[in-house]
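Line order of the protein sequences matches chains A and B.
Under the working numbering, think of the first position of the first sequence as 31, with each following residue one higher.
Under the working numbering, think of the first position of the second sequence as 6, with each following residue one higher.
For each residue, glycine too, the CB sits at the ideal point set by N, CA and C.
Fair warning: this is a prediction, and the values are worked out from it, not measured in the lab.
A short write-up of the structure that comes next.
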Amino acid sequence: MSTKFDVIIIGSGPAGVSAAFPLLEAGLNVLMIDGGKVPDMAPPEQDFLSARRDDFEQWKWMIVQDFRAIHMRSAVSPKFRVPSLAFTFDGFEQGNNIKGKNFVTIGSLAAGGLSNAWGCGVARFSSAELAEFPSEASSDMERSYEVVSRRIGISGKIDDDMSDYFKLDTYAQPPIPMDPLHASLATRYATQRTKLRAQGFRMGRSRVAALSEDVGSRKACNLSGNCLWGCRRRSLYSAADDLPKLHRYENFSRLAGFLVDGLTRRDGSWNIEGQGTDGTRRAIVAKTLLLAAGTLATTRLVLSALKYEEAVPVQSSPMAVFALWLPRFLATQRVPGFGLGQLSFAVTLAKATAFGSTFSTTGLPVSEFARHLPWRRRYGIDILSSLLGSCLAGNVFLPGNLTAGEARLQKDGALMVSGAYRGPVMPLMKEAADKLRRAYHSLGAFLLPGSFTIGAPGGDIHYAGTLPMRNQPAIGESSPVGEVMGLEGVYVVDGACLPILPEKSHTLTIMANADRIGRKIAVLQRRRAG
Amino acid sequence: MRIAVTGATGYIGTYLIGLARTHNHYITAVSRRRPHSRPMDWIPWEMSAKTVALPPGTDVVVHLAAETTWSRDRNEETEVLAAEVLVAAARKVRAKFMFVSSQTARPHAPTSYGRIKWRIEEQVLAAGGWVVRPGLVYGASARGVFGTLVDIVGRVPILPAFLPAPQVQPIHVHDLAEGLLRIVEGEEASCRTYVLAGSQPVSFTRFLHEIARSRLRCHRMFLPIPASLFLGCSRVLDVLSLRRWGIERVQSLFDLSKMETVSDLNRLGLVLRSLNSGLHVSGSARKRRMLQEGLALLTYVLKTRPENAALRRYVRMIEQLRGGETLNLPNPLLRHPALLSLLGDSTWDNEAAKAEFAWRMDAATLLGEATPAGSVRFLGLGRQHGLFSRGQVLVKAATCELMWRSLSAVGVPLVRKMLARAKAAL
Numbered sequence: 031m032s033t034k035f036d037v038i039i040i041g042s043g044p045a046g047v048s049a050a051f052p053l054l055e056a057g058l059n060v061l062m063i064d065g066g067k068v069p070d071m072a073p074p075e076q077d078f079l080s081a082r083r084d085d086f087e088q089w090k091w092m093i094v095q096d097f098r099a100i101h102m103r104s105a106v107s108p109k110f111r112v113p114s115l116a117f118t119f120d121g122f123e124q125g126n127n128i129k130g131k132n133f134v135t136i137g138s139l140a141a142g143g144l145s146n147a148w149g150c151g152v153a154r155f156s157s158a159e160l161a162e163f164p165s166e167a168s169s170d171m172e173r174s175y176e177v178v179s180r181r182i183g184i185s186g187k188i189d190d191d192m193s194d195y196f197k198l199d200t201y202a203q204p205p206i207p208m209d210p211l212h213a214s215l216a217t218r219y220a221t222q223r224t225k226l227r228a229q230g231f232r233m234g235r236s237r238v239a240a241l242s243e244d245v246g247s248r249k250a251c252n253l254s255g256n257c258l259w260g261c262r263r264r265s266l267y268s269a270a271d272d273l274p275k276l277h278r279y280e281n282f283s284r285l286a287g288f289l290v291d292g293l294t295r296r297d298g299s300w301n302i303e304g305q306g307t308d309g310t311r312r313a314i315v316a317k318t319l320l321l322a323a324g325t326l327a328t329t330r331l332v333l334s335a336l337k338y339e340e341a342v343p344v345q346s347s348p349m350a351v352f353a354l355w356l357p358r359f360l361a362t363q364r365v366p367g368f369g370l371g372q373l374s375f376a377v378t379l380a381k382a383t384a385f386g387s388t389f390s391t392t393g394l395p396v397s398e399f400a401r402h403l404p405w406r407r408r409y410g411i412d413i414l415s416s417l418l419g420s421c422l423a424g425n426v427f428l429p430g431n432l433t434a435g436e437a438r439l440q441k442d443g444a445l446m447v448s449g450a451y452r453g454p455v456m457p458l459m460k461e462a463a464d465k466l467r468r469a470y471h472s473l474g475a476f477l478l479p480g481s482f483t484i485g486a487p488g489g490d491i492h493y494a495g496t497l498p499m500r501n502q503p504a505i506g507e508s509s510p511v512g513e514v515m516g517l518e519g520v521y522v523v524d525g526a527c528l529p530i531l532p533e534k535s536h537t538l539t540i541m542a543n544a545d546r547i548g549r550k551i552a553v554l555q556r557r558r559a560g
Numbered sequence: 006m007r008i009a010v011t012g013a014t015g016y017i018g019t020y021l022i023g024l025a026r027t028h029n030h031y032i033t034a035v036s037r038r039r040p041h042s043r044p045m046d047w048i049p050w051e052m053s054a055k056t057v058a059l060p061p062g063t064d065v066v067v068h069l070a071a072e073t074t075w076s077r078d079r080n081e082e083t084e085v086l087a088a089e090v091l092v093a094a095a096r097k098v099r100a101k102f103m104f105v106s107s108q109t110a111r112p113h114a115p116t117s118y119g120r121i122k123w124r125i126e127e128q129v130l131a132a133g134g135w136v137v138r139p140g141l142v143y144g145a146s147a148r149g150v151f152g153t154l155v156d157i158v159g160r161v162p163i164l165p166a167f168l169p170a171p172q173v174q175p176i177h178v179h180d181l182a183e184g185l186l187r188i189v190e191g192e193e194a195s196c197r198t199y200v201l202a203g204s205q206p207v208s209f210t211r212f213l214h215e216i217a218r219s220r221l222r223c224h225r226m227f228l229p230i231p232a233s234l235f236l237g238c239s240r241v242l243d244v245l246s247l248r249r250w251g252i253e254r255v256q257s258l259f260d261l262s263k264m265e266t267v268s269d270l271n272r273l274g275l276v277l278r279s280l281n282s283g284l285h286v287s288g289s290a291r292k293r294r295m296l297q298e299g300l301a302l303l304t305y306v307l308k309t310r311p312e313n314a315a316l317r318r319y320v321r322m323i324e325q326l327r328g329g330e331t332l333n334l335p336n337p338l339l340r341h342p343a344l345l346s347l348l349g350d351s352t353w354d355n356e357a358a359k360a361e362f363a364w365r366m367d368a369a370t371l372l373g374e375a376t377p378a379g380s381v382r383f384l385g386l387g388r389q390h391g392l393f394s395r396g397q398v399l400v401k402a403a404t405c406e407l408m409w410r411s412l413s414a415v416g417v418p419l420v421r422k423m424l425a426r427a428k429a430a431l
């Protein structure tokens, strides 16, 4: 394939599509290459509880023919066991030649990438966090945040104690209604907030990329409770939803099902080498190349093109999960509701801030909890069936620089990712657990003893910072527009180029940054042409 | 391959055709009656027919047909001539020929059955065909000699234990069909006799006992009878012309010499199922054990009998993800699933066994949950909830948990012994 494209983007996830829009707007010819996997099963037709009550075939979407949910028993998150999400995760490590050692390495070969299975958490980086970006980058982010937020649709706009933390209310739709448990926490918080804020705990509605009002063909959330299993209404944003919009541009082309495995420099252009799903190998020539394959896959492509054998850092947010019990709701019936974050909190710790959200337990299989309960299974289920309806699940994240992760290209071409939590993580997690226990206690909820569980490094699947943008980049770093030092015309637009990974959700920032780089490249290209 | 099968509606024929079709062979049935099990090409054919026209393009003729009903005017020559006609017909279309004979085939066999088989074997080998001598064919539906034996064991409360007992070499009908097909599919040169049967003979008494135990699940008494007495009596019946085929075939059991089957089994890569396994109606004891295990675990989890579909899913899952291996849980635990609470962490003598049990319990939990009954049990959908009833459930669960914990702590040696015994019983 000759260089009839001005720009080639590798990856169709949140970063890839966000970079594509400004390039297309500027009239450039863009080719997007991706793994192209698509869902192979339809989302449930009924709401979660009705389907559970009536559907004799429910095992097909809960477990599926090849018993995926059981086969993937030891995977870190329930998401990996969900049959309808299999297409999102399968084949990534083998396809991209990535290995993890004491580190969870997840990625996607799907159209839309990991956003097919994300928690939809969105936040803007604070000005202090953006100050870690190269100076020219941080000043342009404001506009990009707005463009991206408006495009993907965000809900949760409300004046609360988390408004400043997320800084998204200007672009957001109203929040999706809370379930009674969360509503009770919010009501109690209103009366206790002064005290809790003094303790360093603040709480508010989660800001999520899920619709409370229709946007185009995507419909507002109807509280079906199918967030984990697949949303028929497409209320939850996936970058796959942007692909039809991109196809409306005549200057957009897409090559789906092509797995890039190497970049080589030839006659001032880049040869993008890879393999189609049918196994045929080919090379595509590009002058300008945007890498949006996801932090790990992008890192491998860059390091092997650079023939760089030193380790590069990997940031990843240490994560823990916990369960809350609200005794007042012991006798409530299960009601369907929104399955992703409903309330979020930020806790000020001695040397960091922790961020997290709480979720309804209704849309999750009870088995997920039963297997961690150290009871005889029969009585464990008795307990859970009575208790879980009055329980919430929560997660909590710490800043990504607290994981000492590294990625190194091996002799055989594989990227080996390894890492461990840094020393302060355990004390910080303990502090977070104590503060959360106290805070939730004042809100009428008990942090269940033994439920606070710290995940494995990489288990958050927030990877970033392997090829960070710097004002003065060295080899293994990138310029303020993501251009890799030593690889002219190769730009990193995904999490790999973030210089910092705070505790908060980073996807929106990756998208805004990709949009920003897309704009810059559009200007550069036009200048070159004109 | 295009395979013509005589005796297509018979015991072996039915299973051979079923298997051959899964291997994508094209079957022509050559038989008196049209096979009703599945639609297929059919050539009506009687043993007494003087000619038969096989379809051109036929690759192999498998001759299974035999005269199995006794009649006064039965003529030894009929079967031999029928085989002659078939061999000629096969040669005409350049098809290979396979004759499925019998362990009793000998030139001077005491029964006409054995003599007929011998004469046909001679013909087939002379024509460059294959001869296969199976042992005592059994399993799946109760037909043929096996059918007669199942019928007798089912009806007669006291069975003869002949002294000395004849030794039989059984082969499951599915295994035999597999073996026949492997010969047909292989490129091996013709003109050879294969012997297919269990390599270790078992006594006829044990065989009857296993039919009672594994197939019919009943208990049978055995009365020792000198073999000579039986043979004497049957000779008297013979003289009185009261013999029935069944008797003659039982008679022929006393005339079996051991077949060395190991080299043929190895050559075909054929692994025979155990007698115990093959005698179950499902064709395998393993499957039954998987069902028992699934039933116990799912009942334990759901506190009620699971729907059959969930049970079948459990078995399929074990087959797919665990190669069909069962845990070998002791019978009392299988029969009374509540007792599974006796199994605690300290019960297991190794980490692997403990992890495997945990895996199966998790799998059963999820399989049980993903059913409408599971939504009641796990989510409490459609159940009455009051604060009081919820509290009651919690207290009761905690009490039970405590009770079982103490019981299991006290009973560790006993439970370990049960587990070891269940393992050894295999």
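Selection from the options that minimises the alpha carbon distance to residue i
i        : options                                : result
B:LEU332 : B:ASP180, B:GLN256, B:MET366, B:TRP409 : B:MET366
B:LEU58  : B:MET322, B:ALA403, B:GLU190, B:ALA100 : Note that residue 58 of chain B corresponds to Ala in the displayed sequence, not to Leu. Considering only alpha carbons, the answer is B:ALA100.
A:ALA105 : A:PHE86, A:ALA81, A:MET92, A:THR135    : A:THR135
B:ALA232 : B:LEU345, B:VAL255, B:ARG218, B:MET226 : B:VAL255
B:ALA363 : A:ILE100, A:CYS257, A:PRO52, A:GLY298  : A:ILE100
B:SER36  : B:ILE216, B:GLY12, B:ASN271            : B:GLY12
A:MET541 : A:PRO52, A:ASN281, A:GLU123            : A:PRO52
Chain A contact for residue i (CB, 8 Å cutoff)
i        : result
B:GLY416 : no
B:TYR20  : no
B:TYR143 : no
B:TRP364 : yes
B:VAL65  : no
B:PRO206 : no
B:TYR305 : yes
B:GLY385 : yes
B:LEU399 : yes
B:CYS196 : no
B:MET295 : no
B:SER380 : yes
is_contact[residue i, chain B] using C-beta, thresh 8 Å
i        : result
A:MET31  : Unreliable positioning characterises A:MET31 in this predicted model, as indicated by a pLDDT of 48, which lies under 50. The coordinate reading is nonetheless provided below. Not closer than 8 Å to any Cβ of chain B, the Cβ of A:MET31 fails to qualify, so no.
A:TRP355 : no
A:ILE491 : no
A:SER397 : yes
A:ILE93  : yes
A:PHE97  : yes
A:SER415 : yes
A:ASP412 : yes
Expected contact under 8 Å - CB spacing of residue i and residue j to nearest Å
i        : j        : result
A:GLN372 : A:MET208 : 5 Å
A:ASN293 : A:ALA322 : Rather than Asn, the amino acid found at residue 293 of chain A in this sequence is Leu. No, A:LEU293 and A:ALA322 are not in contact; Cβ-Cβ is about 14 Å, not under 8 Å.
B:PRO162 : B:PHE209 : With 8 Å as the limit, B:PRO162 and B:PHE209 do not qualify as a contact, their Cβ atoms being about 18 Å apart.
A:GLY449 : A:PHE78  : Incorrect: roughly 36 Å between the Cβ atoms, too far for contact.
Contacts of residue i in chain D (Cβ-Cβ under 7 Å)
i        : result
B:GLU374 : The chain labelled as chain D is not found among the protein chains of the depicted structure, namely A and B.
### Task
With a floor of 3 residues, list each beta strand (DSSP E) that falls wholly inside the stretch 126-209 of chain A, ordered by position along the chain.
128-131
### Query
Considering only residues of the stretch 41-66 of chain B, which uninterrupted beta strand (DSSP E) runs meet the minimum length of 3 residues and lie entirely inside it, listed in chain order?
46-49
### Interfacial residues, the stretch 107-128 of chain A to chain B, with Cβ spacing under 8 Å
none
### Segments of 3+ residues assigned as beta strand (DSSP E) that fall wholly inside the stretch 381-469 of chain A
383-390, 421-427, 433-439, 445-451
### Task
Mind checking the stretch 256-287 of chain B against chain A and listing, in chain order, the residues whose C-beta falls within less than 9 Å of any C-beta there?
none
### Message
Against chain B, which members of the stretch 77-88 of chain A pass a CB distance test of less than 8 Å?
### Response
LEU79, ARG82, ARG83, ASP84, ASP85, PHE86, GLN88
### Query
Whole alpha helix (DSSP H) runs in the stretch 319-399 of chain B with 4 or more residues, listed along the chain?
336-340, 356-374, 377-384
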